[in-house]
Every structure is written in structure tokens, then in C-alpha cells.
Amino acid sequence: MTPPITDATGAPTQHTRRSYLGWLLGLCSAGVSAILAVPLIRFALYPLTAKTTETKWSDIGPSADFQEITTPIQRLINVEQVDGWRKQISDKVVYVTKTTGGETCVLSSVCPHLGCSVQWAVAQHQFVCPCHGATFGIDGARLGGPAPRAMDRLDSKVEADRLIVRYRYFRQLVPGKEVIG
Ligand code: FES
Numbered sequence: 312m313t314p315p316i317t318d319a320t321g322a323p324t325q326h327t328r329r330s331y332l333g334w335l336l337g338l339c340s341a342g343v344s345a346i347l348a349v350p351l352i353r354f355a356l357y358p359l360t361a362k363t364t365e366t367k368w369s370d371i372g373p374s375a376d377f378q379e380i381t382t383p384i385q386r387l388i389n390v391e392q393v394d395g396w397r398k399q400i401s402d403k404v405v406y407v408t409k410t411t412g413g414e415t416c417v418l419s420s421v422c423p424h425l426g427c428s429v430q431w432a433v434a435q436h437q438f439v440c441p442c443h444g445a446t447f448g449i450d451g452a453r454l455g456g457p458a459p460r461a462m463d464r465l466d467s468k469v470e471a472d473r474l475i476v477r478y479r480y481f482r483q484l485v486p487g488k489e490v491i492g
């Protein structure tokens with residue numbers, strides 16, 4: 312026969328089968344809770360671990376529309392940026408133009424000097440910034456004025472016969488092209 316379980320004073324303890332099962336159940340509950348908490352914690356921390364800002368590709372239009380262009384074409388695009396849980400949609404102006412080699416390219420209209428919106432001047436056949444008079448060639452090359460560099464070229468490609476672009480923000484007042492968002 313098994314002797315009764317006693318404590319240090321020799322008195323019988325309360326360790327019964329029921330209390331042992333209760334303890335086991337509590338342990339299982341804690342384990343299950345910990346497992347379920349993992350995805351919740353990952354969800355809560357997602358904005359901290361995700362890439363700072365992700366910019367989706369924006370549609371400009373059918374690629375065929377830009378094959379024969381001889382002067383820059385202005386387009387308003389829809390830019391979708393995702394930052395953690397926050398999604399922001401804004402309209403931006405870009406120019407579709409040609410490089411000196413005849414390749415289609417897309418330029419940001421933001422002046423690299425102080426951020427005014429550069430316009431294509433038909434009569435002068437060049438881009439002109441209305442704020443301080445910076446001028447740029449048809450391919451965005453810097454021609455004159457206070458802008459420290461050429462107009463900023465954006466990543467673009469043709470997908471399913473559509474010309475698409477990834478919009479970016481660049482640091483102003485510096486000679487090198489530096490993405491800031
Ligand atoms: S903002 Fe364009 S020249 Fe100054």
C-alpha cells in the first residue's frame with residue numbers, strides 16, 4: 312500500500328488527482344495561449360518590421376501611345392504608397408519623353424532645385440522651371456539655372472502593353488540623385 316503524501320510537518324498534503332489535472336490543464340492553456348499570441352504579436356509589430364515605405368507601380372497608359380512621341384507628354388498618375396498599415400494615394404505629374412538614344416523614359420516634374428513643378432515650354436523646346444528659371448533638355452538634362460542636376464528619371468517599364476512607372480521622391484539641392492521616399 313502507498314503511504315500518504317505529507318508535508319514537512321508530517322500533515323497530509325492536498326495533492327489529489329483533481330488538483331494535478333487542474334495544474335496540467337492550466338499548463339496546456341498557457342501553451343495554447345502562447346501559440347495563438349505569436350501571429351497577433353507579429354501583426355502588431357508589422358509596421359516596425361516592414362519596409363519603411365513601399366511605392367506601387369503606377370499605370371501611365373498604353374505603351375503604343377508613347378512610341379512615336381517627338382515632344383514630352385505630361386501625364387497625371389495615381390501613386391499608391393504603403394507605410395506599415397497606412398495606405399496613401401496621391402496624384403503626381405510625370406513627363407513621358409525620349410532619351411537622346413530614342414528610348415522612352417519617364418521624368419518626375421519636381422524641380423531638383425526647390426521642388427517647383429517643371430513645365431514643358433513648347434516655344435523654347437525645353438523644360439523650364441517657373442520659380443527660378445532652371446532649364447532642362449527634352450531628355451531632362453540640365454541646361455541652365457540654379458538646379459543642381461538633371462530632372463529625375465523614374466523607373467519605368469512596359470507590362471501587358473501598358474507603360475508603368477514607380478514614383479519616387481528625391482532630395483533637392485544636391486548634385487546627386489538621392490531617393491528619399
Ligand atoms: S525650384 Fe526650380 S529653379 Fe528653383
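For this note's numbering, add 311 to where a residue sits in the sequence shown, where the first one is 1. Cβ coordinates follow ideal geometry from the N, Cα and C atoms, glycine included. Since the model is a prediction, treat every value here as computed from it, not as a measurement.
Counterpart residues of residue i in DSSP-defined beta bridges
i, result
"Gln392", "Thr366 and Gln399"
"Cys416", "Thr408"
"Lys468", "Ile475"
"Trp431", "Phe438"
"Leu425", "Answer is none; Leu425 lacks a bridge partner."
Nearest candidate by alpha-carbon position, reference residue i, set the options
i, options, result
"Ala461", "His443, Gln435, Val421 and Arg473", "Val421"
"Gly395", "Ile380, Glu365, Val404 and Ile371", "Glu365"
"Lys398", "Val405, Asn389, Val404 and Tyr406", "Asn389"
"Leu454", "Cys416, Val417 and Pro423", "Pro423"
"Pro486", "Leu474, Pro457 and Ser467", "Pro457"
Spatial neighbours of residue i in its chain, beta-carbon cut-off 6 Å, leaving aside the 5 residues before and after
i, result
"Met312", "Residue placement at Met312 is poorly supported in this model, since its pLDDT is 47, which falls under 50; the coordinates still yield a value, given next. Answer for Met312: no residue qualifies."
"Ser428", "Ser420"
"Ser401", "Val390"
Proximal residues to residue i (C-beta, below 8 Å), its chain only, five neighbours per side dropped
i, result
"Ala432", "Phe438 and Val439"
C-beta contact flag for residue i and residue j at 8 Å
i, j, result
"Thr415", "Phe377", "yes"
"Thr408", "Asp450", "yes"
Nonlocal neighbours in the same chain, by C-beta distance under 7 Å from residue i, ignoring five residues either side
i, result
"Lys488", "Arg460, Asp463 and Phe481"
"Lys468", "Ile475"
Touching by the beta-carbon criterion (3+ pairs, under 8 Å), the region 364–379 and the region 466–480:
yes
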